[in-house]
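Q: Sharing a structure here in structure tokens format.
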């Protein structure tokens with residue numbers, strides 16, 4: 268395969284799209300393997316390789332956040348950029364690759380953005396109270412099946428930030444809701460449930476993320492399929508926290 272890549276290059280306050288032709292590609296390559304091939308050729312030519320985030324390359328770490336042809340993580344549903352294969356493109360295609368675009372995600376270099384704002388949201392309420400002493404038996408606290416299913420669905424969030432990149436408002440409410448609902452659905456997370464909802468939403472807003480207007484762009488972009496109902500659950504918890 269031969270592809271033409273339009274990649275965002277930025278080493279300072281501003282950047283621009285730079286075009287690179289890449290050939291001798293296999294349809295079985297992942298998107299990040301293609302970027303590796305490009306970088307090898309750039310190094311051979313004495314040029315600066317393209318900086319991009321990656322770690323596990325197994326679709327579970329959330330590092331490989333890229334806008335591919337204007338779509339977070341690319342055209343395949345429930346697929347991270349590292350698991351996206353070139354077979355989903357056609358020979359001769361032109362592909363535009365950009366970093367996440369959001370005020371709380373400043374570009375560090377090329378395709379790498381600082382997503383530590385998501386960590387600040389988790390730090391503000393993503394914990395539970397645990398009594399000191401010996402650990403209780405694993406089955407000591409029964410968890411209803413419905414609560415376990417809700418918690419498991421929310422816990423699947425890998426914190427990649429695709430929901431923020433896809434949202435027209437730059438909102439991280441799907442991420443915030445997933446982290447809050449994960450713990451709020453479990454018996455162990457009840458002591459902080461109401462303060463958690465308030466603290467995490469307040470931190471979300473203080474960091475400069477936009478407000479949620481139910482545009483619905485976040486869920487289709489989420490590689491783990493976190494449902495929009497998760498945001499509804501957080502809104503219910505937030506309302507109840509103010510009424511209590």
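Numbering (our numbering), first residue to last: 268 to 511. Glycine residues also receive a C-beta, built at the ideal position from the N, C-alpha and C atoms.
#1: Using the C-alpha atoms, what's the distance from residue 397 back to residue 480?
#2: On the DSSP letters alone, give me the boundaries of the beta strand (DSSP E) that residue 288 sits inside.
#3: Helix, strand or coil for residue 321 per DSSP?
#4: Please report the residue range of the alpha helix (DSSP H) in which residue 365 lies.
#5: Do you know offhand how far residue 360's Cα is from residue 338's?
#6: With burial defined as no fewer than 16 other Cβ atoms inside 10 Å of the residue's Cβ, what is the status of residue 497: buried or exposed?
#7: Confirm, please, whether the CB-CB distance from residue 395 to residue 362 is below 8 angstroms.
#8: Quick check: the Cα distance between residue 457 and residue 393, rounded to an integer number of angstroms?
#9: Taking the beta strand (DSSP E) that residue 503 falls in, what are its first and last residues?
#10: Given this structure, state the Cα-to-Cα distance separating residue 297 from residue 351, to the nearest angstrom.
#11: Return the Cβ separation of residue 277 and residue 376 in integer angstroms, given the expectation that the two are a contact with Cβ distance under 8 angstroms.
#12: I need the boundaries of the beta strand (DSSP E) containing residue 277, first residue and last residue.
#13: Expressed to the nearest angstrom, what Euclidean distance is found between the alpha-carbon atoms of residue 369 and residue 486?
#14: Quick one: what's residue 297 bridged to in DSSP?
#15: Taking the straight line between their C-alpha atoms, what separation do you get for residue 349 and residue 427?
#16: Considering Cα atoms alone, identify which of 410, 269, 323 is closest to residue 293.
#17: In this structure, does DSSP put residue 334 in helix, strand or coil?
#18: With 16 other CB atoms within 10 Å as the buried threshold, where does residue 391 fall?
#19: Where does residue 445 land, buried or exposed, given buried means 16+ other C-beta within 10 angstroms?
#20: Examine the Cβ distances between the segment 411-428 and the segment 458-476 and report whether three or more of them are shorter than 8 angstroms.
#21: With hydrogens ignored, establish whether the beta-carbon of residue 278 is closer than 7 angstroms to any heavy atom of the ligand ATP.
A: Short version:
#1: 35 angstroms
#2: 282-289
#3: coil
#4: Counting along the chain, residue 365 falls outside any alpha helix (DSSP H), though it belongs to the beta strand (DSSP E) covering 361-365.
#5: 16 angstroms
#6: buried
#7: no
#8: 12 angstroms
#9: From DSSP, residue 503 is part of no beta strand (DSSP E) but of the alpha helix (DSSP H) over 496-510.
#10: 5 angstroms
#11: 6 angstroms
#12: 270-277
#13: 17 angstroms
#14: 352
#15: 12 angstroms
#16: 269
#17: strand
#18: buried
#19: buried
#20: no
#21: Among the components modelled here there is no ligand, and therefore nothing to report on the ligand ATP.
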